[in-house]
Amino acid sequence: MSEIPHWTYIAGLILRSFTIAGIAAIVNLLPGILCAYLTLHCEFRGKRLFESLLMAPLIMPPVATGLLLLTLLSHEHSVGRMMEHLVGRSLLLTPAAAVLAAAFVSFPLLYQQVKLAMAHIDPQLYAIAKVYGLTRWQQWRCISLPLAWRGLAQGLLLAFARGLGEFGATILVAGNIPGKTETLSLAIYDRVMSGHSSTAWILVGINVLTIFVILIIKATFLQPRWLPAEKSYA
Amino acid sequence: MKLSTKTKILFIIAGLLALFAYVSTRKNTPSLPTLRVGAAASLREVMEKVATQPEQQKMYFEWNFAGTPALLSQLKAGAPMDIVLAADLQDLKNAPPETAKYFTKIVPLTRNQLVVITHDPSLAQNFDLPTLLKAHPKLKVALAQADVPAGRYARRYMQALAHVNIPEDQIVISDNVRGVLLHVQKKLADIGMVYVSDLMTHPENVLEVYRVPLDQTGEILYGAASTTHCGNAATCEQFLQFLSSPGTQQVFQHFGFQPLELSP
Chain A
1032 MSEIPHWTYI AGLILRSFTI AGIAAIVNLL PGILCAYLTL HCEFRGKRLF ESLLMAPLIM
1092 PPVATGLLLL TLLSHEHSVG RMMEHLVGRS LLLTPAAAVL AAAFVSFPLL YQQVKLAMAH
1152 IDPQLYAIAK VYGLTRWQQW RCISLPLAWR GLAQGLLLAF ARGLGEFGAT ILVAGNIPGK
1212 TETLSLAIYD RVMSGHSSTA WILVGINVLT IFVILIIKAT FLQPRWLPAE KSYA
Chain B
22 MKLSTKTKIL FIIAGLLALF AYVSTRKNTP SLPTLRVGAA ASLREVMEKV ATQPEQQKMY
82 FEWNFAGTPA LLSQLKAGAP MDIVLAADLQ DLKNAPPETA KYFTKIVPLT RNQLVVITHD
142 PSLAQNFDLP TLLKAHPKLK VALAQADVPA GRYARRYMQA LAHVNIPEDQ IVISDNVRGV
202 LLHVQKKLAD IGMVYVSDLM THPENVLEVY RVPLDQTGEI LYGAASTTHC GNAATCEQFL
262 QFLSSPGTQQ VFQHFGFQPL ELSP
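Residue numbers (the working numbering), protein chains in the order written: chain A, 1032 to 1265; chain B, 22 to 285.
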């Protein structure tokens, strides 16, 4: 039995995993910014509960997340029925379900980074902007975005990395369909379980390399301005 | 606007990622009719071989490999699967009504047998589980969890040996039968209970110790079912017939399964 798969299989697997994780990170962008803005600049009842809910996917067991999503997307649930009505078919066992699973588990990372970046903007800048009559959108465009873009990019990268490693929820809602929903993580598990350890190690290598590159990009290009340079600790 | 070198590099990386995303989303849509098959993980190798048989060349298979309980949960949630191949026929026949409503036809698929394996040749001689457990008080036994068929059969075997009671701390639980094989191969457990087909497909670093007689586990019968999701009922019916055909059963035998005709 040939152990090492064809390079096109590995290339397809990488591209699919990158696409699913990338789309999931981008899908999280707008809700992440809105939630960060809401929790930073607005006071409302149940704010702490709301924040806890936003962070919950970070510590929830991924299989529990998978079960939650499976139930939500099932056609016995109104959310699943609505999705089926919109898309014309069940989202289960599709790449869209894999994106949803990756987006769900990676959301807290993006939200946290964006919130952290926005929290470090001097509130006096907003006060001055108000004096000059800038709208909320103009304040966001002229103050928040230029000062918080590094945090935003960091959040995107971390969400992408988390999405790339997603396994438990994905296997339940998207299945492990070669050529369709099989991602790097699923393939590693599958190869280990089927005794193809050489292939599993190749895929582990690719995964580690990708995460290493992400961390280098994060450390080199996206160091937040409010943090002192690392050499200053020496 | 003048961009710094770092920003330029960042844009190039972002561009490359976008290109990756574009290329990978270009799907090679199969022009052949597609059959969506949810199959038990232990059937992976044999089913990939079955799909290459000349009779199936005009069909594109979309495999979804998972444990039988996970497949049934997905089906219950409305996941589109035309055919379900389960590691236990009884899981299909005794499925709860909310899952069973999707089945249009259930047939036996193939047979298997449980086998005790080890990585240690000294444990393989004159095998008798109760004696072995007494002689090795720290013997680690790998079992699949109780809700997957291989785990159920292994526990039935131990119940059949009335005196066998393995302490909890000596049991290494795996979420499926392939995990059991892996635990023994990697010497994380001393003995394990897997199917003959798993041992034949991946015999690396393990020895067969004892083939468990069927009267101690009950008949191990795999099952296949067509579902209401099947767009073309005739195609699904043909595929079920093809699975029980002598040619396909020979392929199953090649992978360590046993032919259906032996069953009563």
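We treat Cβ as the ideally placed atom computed from N, Cα and C, and that holds for glycine. Quick caveat: nothing in here was measured; it's all calculated off a predicted structure.
- Residue pairing from DSSP places leucine 164 (chain B) in a beta bridge opposite B:Ile194.
- In the structure shown, arginine 232 (chain B) falls within a strand segment according to DSSP collapsed to helix, strand and coil.
- Excluding sequence positions up to five before and after histidine 223 (chain B), its CB lies within less than 7 angstroms of the CB of Leu202, all in the same chain and listed in chain order.
- Here alanine 163 (chain B) is buried. Its C-beta has 16 or more other C-beta atoms within 10 Å.
- Shortest Cα-Cα distance from valine 215 (chain B) to any of B:Gly200, B:Leu209 and B:Lys208 involves B:Gly200.
- Annotation: glycine 1063 (chain A) to alanine 1052 (chain A) spans about 16 angstroms, alpha carbon to alpha carbon.
- Unbroken beta strand (DSSP E) stretches of 3 residues or longer found wholly inside the region 78-115 of chain B: 81-87 and 104-107, given in chain order.
- Judged by DSSP in its simplified three-state form, lysine 126 (chain B) adopts strand.
- Between valine 67 (chain B) and valine 136 (chain B), the C-beta spacing is not below 8 angstroms.
- In this structure, the CA atom of glutamate 229 (chain B) is about 17 angstroms from the CA atom of leucine 160 (chain B).
- Within chain B, the residues placing a beta-carbon under 8 angstroms from that of serine 1105 (chain A) are Lys97, Ala98 and Gly99, ordered along the chain.
- Using a CB distance cut-off of 8 angstroms, glycine 1194 (chain A) does not count as an interface residue toward chain B.
- Taking 8 angstroms as the CB threshold, glycine 1077 (chain A) stays off the interface with chain B.
- Neighbourhood of leucine 1101 (chain A) in chain B, by CB distance below 8 angstroms: Ser94, Gln95 and Ala98, in chain order.
- Residue environment analysis places lysine 1078 (chain A) among the exposed positions, since fewer than 16 neighbouring C-beta atoms fall within 10 angstroms of its C-beta.
- The beta carbons of glutamate 1213 (chain A) and leucine 1044 (chain A) sit about 7 angstroms from each other, so the pair counts as a contact at 8 angstroms.
- In the DSSP assignment, glycine 1226 (chain A) falls outside any alpha helix (DSSP H) and carries neither an H nor an E.
- In the three-state reduction of the DSSP assignment, valine 185 (chain B) falls in the coil class, being assigned neither a helical nor a strand state.
- Of the residues A:Val1130, A:His1037, A:Val1235 and A:Met1086, the one whose Cα lies closest to the Cα of glutamine 1143 (chain A) is A:Met1086.
- When the beta-carbon positions are compared, cysteine 257 (chain B) and aspartate 112 (chain B) stay at least 8 angstroms from each other.
- Between serine 265 (chain B) and the set B:Thr120, B:Arg177, B:Glu119 and B:Val128, the nearest pair of CA atoms involves B:Val128.
- Across the structure, histidine 1106 (chain A) and leucine 1100 (chain A) are spaced so that their CA atoms are roughly 12 angstroms apart.
- Histidine 250 (chain B) and proline 101 (chain B) do touch by the CB rule: their CB atoms are close to 5 angstroms apart, below 8 angstroms.
- Comparing alpha carbon positions, the residue from B:Thr139, B:Ser63 and B:Ala98 closest to tryptophan 84 (chain B) is B:Ser63.
- Not one beta carbon of chain A lies nearer than 8 angstroms to the beta carbon of glutamate 258 (chain B).
- Nearest Cα to leucine 281 (chain B) within the set B:Gly244, B:Ile34 and B:Ala61: B:Gly244.
- Spanning the alpha carbons of valine 1223 (chain A) and lysine 70 (chain B) requires a straight line of approximately 20 angstroms.
- Under DSSP, tyrosine 216 (chain B) takes part in a beta bridge, and its partners are B:Leu135.
- Here valine 58 (chain B) carries a strand assignment [DSSP, helix/strand/coil].
- Pairing threonine 1201 (chain A) with alanine 1127 (chain A) gives a Cβ-Cβ distance that is not under 8 angstroms.
- The beta carbon of valine 205 (chain B) sits closer than 6 angstroms to those of Ile138, His140, Ala163, Gly213 and Val227, all from its chain and outside the five residues before and after it, given in chain order.
- Check the Cα spacing between leucine 1065 (chain A) and each of A:Trp1180, A:Ala1134, A:Lys1146 and A:Trp1232: the tightest is with A:Lys1146.
- At least 8 angstroms separates the CB of lysine 1146 (chain A) from every CB of chain B.
- Nearest to threonine 1230 (chain A) by C-alpha distance, out of A:Asn1238, A:Gly1186, A:Leu1246 and A:Ile1219, is A:Ile1219.
- Scanning B:Val193, B:Asn147, B:Asp168 and B:Arg65 for the CA closest to the CA of proline 90 (chain B) turns up B:Asp168.
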